[in-house]
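K.L.:
My structure is below; once you've seen it, I'll send some questions.
Residue numbers (my numbering): 1 to 289.
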């Protein structure tokens, strides 16, 4: 599955970046780079949760789950959001408690590492967003947006390290706190990401509607089926990586019940040819004269 392949690539890249940031942060004495490494751990957790969610959500429907397991990824996303917030809270708390303590001055080489990280993350983000558009996967596109957030946090770290180096060079005390200030900003940024993930998961669990442009495409497909005069109503609900469709079609009022059923059956089968559709419910309306 293309979703899994994309997320495995993202997982490999994020694993490399976590190791690079944490090791470089300790070697080059950069608290902010370590904090950014913690942020990348949240990306790593996100990749793991998404992979687990994709694997479980594509399981076929069974007796206990007649509509499949698509919503499982939303439950995992809730736990992911909570985990991210907890990590960020502990990170921010530790930095604040040690804010007035004297820290080692980061090395200029840390700037090289951060610049390298930004380039890698930009490439990964563009790849995920383009792949998400290509296979029409909201979860892959969301992962790409999260990678962009990592680019922003790395840019904050870059500025923080520069402030520390300038403060040390020209003996400006408040600038030497730039590393810690950027760490606190990153912690707040991570908390925001966690809250957004939780909110989106709650919205999806309640039955989030599919984007209008996607609905229009399916409406056109139904209208092209023989016997369908028009689509009176079409509701599409996201169900993990799949869609549920509830549709009302209009048919000739003079045809038999059997013929009306046959048209509805054709619509049902045609829609289910799309692997993204997990359930179709059809109501037939007679054409009003």
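For each residue, glycine too, the CB sits at the ideal point set by N, CA and C.
Skipping 5 residues on each side, what residues in its chain have a beta carbon closer than 7 Å to that of residue 179?
P.N.:
Residue mapping note: residue 179 aligns to position 179 of the chain shown, counting from 1. Hits under 7 Å: 30, 31, 32, 103, 106, 160, 161, 164.
K.L.:
Give me, in chain order, the residues of the same chain whose beta-carbon lies closer than 7 Å to that of residue 110; leave out the 5 immediate sequence neighbours on both sides.
P.N.:
Position 110 of the chain shown, counted from the first residue, corresponds to residue 110. Taken in chain order, the residues that qualify are 24, 28, 30, 33, 161.
K.L.:
With residue 74 as the anchor, note down where its alpha helix (DSSP H) starts and where it stops.
P.N.:
The sequence position of residue 74 within the chain shown is 74, counting from 1. First-last of the alpha helix (DSSP H) with residue 74: 72-97.
K.L.:
To which residues does DSSP link residue 121 through a beta bridge?
P.N.:
For the purposes of this step, residue 121 is taken as residue 121 along the chain shown, with counting starting at 1. For residue 121, which the question treats as bridged, DSSP gives no partner whatsoever.
K.L.:
Measure the alpha-carbon distance for residue 14 versus residue 72 and round it to whole angstroms.
P.N.:
Counting from one through the chain shown, the residue named residue 14 turns up at place 14. Counting from one through the chain shown, the residue named residue 72 turns up at place 72. Rounded to the nearest angstrom, the two C-alpha atoms are 24 Å apart.
K.L.:
Using 10 angstroms around the beta-carbon of residue 188, count the other beta-carbons present and answer buried if the total reaches 16, otherwise exposed.
P.N.:
Looking up residue 188 in the chain shown gives position 188. Result: exposed.
K.L.:
So if DSSP puts residue 234 in a beta bridge, which residue, or which two residues, is it bridged to?
P.N.:
Stepping through the chain shown from its first residue, residue 234 is reached at position 234. DSSP output for residue 234 lists 247 as bridge partner(s).
K.L.:
Which one or two residues does DSSP pair with residue 261 in a beta bridge?
P.N.:
Translated into positions along the chain shown, residue 261 becomes position 261. In the DSSP output, where bridge partners are listed per residue, residue 261 has none listed.
K.L.:
Measure the alpha-carbon distance for residue 268 versus residue 282 and round it to whole angstroms.
P.N.:
To locate residue 268, count along the chain shown from 1; it is residue 268. To locate residue 282, count along the chain shown from 1; it is residue 282. Whole-angstrom Cα-Cα distance: 7 Å.
K.L.:
Short of 8 Å in beta carbon distance, which residues of its chain neighbour residue 128, apart from the five on each side in sequence? Order them along the chain.
P.N.:
To locate residue 128, count along the chain shown from 1; it is residue 128. Hits under 8 Å: 6, 10, 140, 141, 143, 144, 147.
K.L.:
Quick one, which of 47, 181, 92 has its alpha-carbon nearest residue 124's?
P.N.:
Within the chain shown, residue 124 is the residue found at index 124, counting from 1. Comparing Cα-Cα distances from residue 124 to each of 47, 181, 92, the minimum goes to 47.
K.L.:
Between the C-alpha atoms of residue 175 and residue 26, what's the straight-line distance to the nearest angstrom?
P.N.:
Along the chain shown, read from residue 1 onward, the residue named residue 175 stands at position 175. Along the chain shown, read from residue 1 onward, the residue named residue 26 stands at position 26. Each residue's alpha carbon lies about 20 Å from the other.
K.L.:
To the nearest angstrom, how far is the alpha carbon of residue 235 from that of residue 288?
P.N.:
Start at 1 with the first residue of the chain shown, and residue 235 comes out as number 235. Start at 1 with the first residue of the chain shown, and residue 288 comes out as number 288. Straight-line Cα distance between these residues: approximately 22 Å.
K.L.:
How about residue 245 and residue 205: are their beta carbons less than 8 Å apart?
P.N.:
Position 245 of the chain shown holds residue 245. Position 205 of the chain shown holds residue 205. No.
K.L.:
Thinking C-alpha only, which one of 227, 63, 74, 93 is nearest residue 55?
P.N.:
To locate residue 55, count along the chain shown from 1; it is residue 55. Of 227, 63, 74, 93, the residue nearest in Cα terms is 74.
K.L.:
First and last residue of the beta strand (DSSP E) that includes residue 281?
P.N.:
On the chain shown, position 281 is the one that residue 281 refers to. That run of the beta strand (DSSP E) goes 277-286.
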